[in-house]
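A.B. asks: So that we are looking at the same thing, I have put the structure below in structure tokens.
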Ligand code: NAP
């Protein structure tokens, strides 16, 4: 029997496979999960019950997830003496689709961030964050319902590649000497230095994933967000390679902003075509506040995407509700987008919506859309009924405050 970290994979489940870029999911798929540290324990318990209830409700027993626990973070360290055991990475590589709670980032030690490590080790190159408002959720915006975007953030390169040298070290002096000497630059000798690699292949696969998603989900536009006016050969190139891809691979499906205005055109997008446009990152932050309904799918580089995802989440009610996924050609890891919120750990108070909505994304990715819909309906109704956890309760007049597990039970009760 197959095992990872010395723990056998449940015999009653079937392995998810990937064939020709498609995930093939049996009726009893083995899905590995990482519970997560701190409040991960609270939210995972509530979330798993919601997932099982949604699948049962949608398919009446003909489909069932076979859960398989794998370990990362503090729980892994306490059990195996490692923050990210090789068995965990191998399990996700083999079993293809996984879901995780938040993980404590080890302070010191070799790993900068477990999440970044997982993304890079498994080449999970798209970080996908759908952001939309759920009726009743308190928001700082007058019309939070106008924002409904899906952000594709490049997940493996840019300043997250981890190529940097600390100020004062022999290594950074060597780098500065090379740049100032051989490359004719003028970097102050007391600098730290970081490198921002952006590749053609990395940019293309991310933009390709965003456009494919837009086509499959019948979205209206894809916006390439970049800082190409300043960083021409990285951010500017990302934009250029994105437009090139439109012409070489998606000519029939897409039209660009230049094309709809060219030759006296009136800016009308031809019926059934996806508009591909680009915006400079700083302007995009204004646009998302002032004209949110003009944006749909967003494809962007790693750091821009990090900022934009959290800013959009704030517009619609905060990180407690935002789901996320890290997806590559062969694997997909769905995750809560907030941290471990350790001060609330084991108190049964935290909002489990982020990991629950990430689970709904996972079910859609598996082709189990009916179960995903049941979850989304359950959450929307529960919040609309003003039955909420502390974070939403403190901003909602007349709401009933419930704990994590009770909130999960309400979601199940409110499923269509
Ligand atoms: P955090 O855990 O996200 O918590 C910051 C604050 O956000 C909490 O105190 C709470 O605010 C609010 N919050 C977060 N999740 C919530 C939820 N589910 N429901 C309601 N409110 C929620 O950020 P942090 O304190 O900076 O990080 C703690 C640890 O998590 C660190 O080790 C960090 O490295 C790690 N981290 C992990 C991930 C990940 O695994 N994806 C992501 C980010 C951070 P109030 O106190 O106002 O209630």
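Numbering (my numbering), first residue to last: -7 to 408.
Backbone N, C-alpha and C fix where the C-beta goes; we use that ideal spot for every residue, glycine too.
Owing to the predicted nature of the structure, the values given are computational and were not obtained by experimental measurement.
Going by beta carbon distance, what residues of the same chain come within less than 6 Å of residue 337, once the five residues before and after it are set aside?
C.D. replies: By one-based count along the chain shown, residue 337 stands at place 345. Here the set comprises 30, 31.
A.B. asks: Just curious, the alpha helix (DSSP H) that residue 168 is in, first and last residue?
C.D. replies: By 1-based counting over the chain shown, the position of residue 168 is 176. Looking at the DSSP string, the run of the alpha helix (DSSP H) that includes residue 168 is 162 to 173.
A.B. asks: Anyone know if the C-beta pair for residue 168 and residue 189 falls short of 9 Å?
C.D. replies: The count along the chain shown starts at 1 and reaches residue 168 at position 176. The count along the chain shown starts at 1 and reaches residue 189 at position 197. Cβ distance not < 9 Å, so residue 168 and residue 189 don't count as in contact.
A.B. asks: Count Cβ pairs between the stretch 264 to 273 and the stretch 120 to 130 that sit closer than 8 Å; are there 3 or more?
C.D. replies: Touching, no, given that fewer than three Cβ pairs across the two stretches are closer than 8 Å.
A.B. asks: Since I believe residue 307 is in contact with residue 136 (beta carbons under 8 Å), could you give me their beta-carbon distance rounded to a whole number of angstroms?
C.D. replies: Locating residue 136 in the chain shown gives position 144, counting from the first residue. Locating residue 307 in the chain shown gives position 315, counting from the first residue. Confirmed, Cβ separation roughly 6 Å.
A.B. asks: Counting only the same chain and skipping the five closest in sequence on each side, list residues whose C-beta sits under 7 Å from that of residue 140.
C.D. replies: Here the question's residue 140 lines up with position 148 in the chain shown. Answer for residue 140: 124, listed in chain order.
A.B. asks: Any idea if residue 316 is buried or exposed, counting beta-carbon neighbours within 10 angstroms, 16 or more meaning buried?
C.D. replies: For the purposes of this step, residue 316 is taken as residue 324 along the chain shown, with counting starting at 1. Classification of residue 316: buried, given that the 10 Å Cβ count is 16 or more.
A.B. asks: Below 8 Å on the Cβ atoms is my contact criterion, and I expect residue 237 with residue 211 to pass it. Report the Cβ-Cβ distance as a whole number of Å.
C.D. replies: For the purposes of this step, residue 237 is taken as the residue at position 245 of the chain shown. For the purposes of this step, residue 211 is taken as the residue at position 219 of the chain shown. Contact doesn't hold; Cβ gap of about 16 Å is too wide.
A.B. asks: For residue 231, tell me which candidate among 242, 218, 243 has the shortest Cα-Cα distance.
C.D. replies: Position 239 of the chain shown holds residue 231. When only C-alpha atoms are compared, the closest one is 218.
A.B. asks: Taking the beta carbon of residue 170 as the centre, do at least 16 other beta carbons fall within 10 Å, making it buried, or is it exposed?
C.D. replies: Mapped onto the chain shown, residue 170 falls at position 178. By the 10 Å Cβ count, residue 170 comes out exposed.
A.B. asks: Quick check: residue 91 and residue 79, are their CB atoms within less than 9 Å of each other?
C.D. replies: For this step, residue 91 is matched to residue 99 along the chain shown. For this step, residue 79 is matched to residue 87 along the chain shown. Result no, Cβ atoms of residue 91 and residue 79 do not sit closer than 9 Å.
A.B. asks: Determine the DSSP secondary structure at residue 24, reduced to helix, strand or coil.
C.D. replies: Within the chain shown, the letter at position 32 stands for residue 24. Of the three classes helix, strand and coil, the one that applies to residue 24 here is strand, per DSSP.
A.B. asks: For the ligand NAP, is there a heavy atom less than 8 Å away from the beta-carbon of residue 330?
C.D. replies: Residue numbering aside, residue 330 sits at position 338 when the chain shown is read from its first letter. Yes, the Cβ of residue 330 comes within 8 Å of a heavy atom of the ligand NAP.
A.B. asks: Excluding sequence positions up to five away, which residues of its chain have a Cβ less than 6 Å from the Cβ of residue 374?
C.D. replies: Residue numbering aside, residue 374 sits at position 382 when the chain shown is read from its first letter. Excluding sequence neighbours, residue 374 sits near 402, 403, 406.
A.B. asks: Take the Cβ of residue 350 as the centre, count every other Cβ of all protein chains shown within 10 Å, and call the residue buried at 16 or more, exposed below.
C.D. replies: Sequence index remark: in the chain shown, residue 350 carries index 358 (1-based). Buried, since its Cβ has 16 or more Cβ neighbours within 10 Å.
A.B. asks: Assuming residue 379 contacts residue 340 under a Cβ cut-off of 8 Å, what Cβ separation, rounded to an integer in Å, is found between them?
C.D. replies: Within the chain shown, numbered from 1, the residue matching residue 379 stands at position 387. Within the chain shown, numbered from 1, the residue matching residue 340 stands at position 348. At roughly 15 Å, the Cβ-Cβ gap does not stay under 8 Å, so residue 379 and residue 340 are not in contact.
A.B. asks: Can the beta-carbon of residue 65 be found less than 9 Å from the beta-carbon of residue 95?
C.D. replies: For the purposes of this step, residue 65 is identified with residue 73 of the chain shown, where counting begins at 1. For the purposes of this step, residue 95 is identified with residue 103 of the chain shown, where counting begins at 1. Yes, Cβ-Cβ distance for residue 65 and residue 95 is below 9 Å.
A.B. asks: Should the stretch 347 to 363 be called in touch with the stretch 110 to 119, which here means at least 3 C-beta pairs below 8 Å?
C.D. replies: They do not touch, by the three-pair rule.
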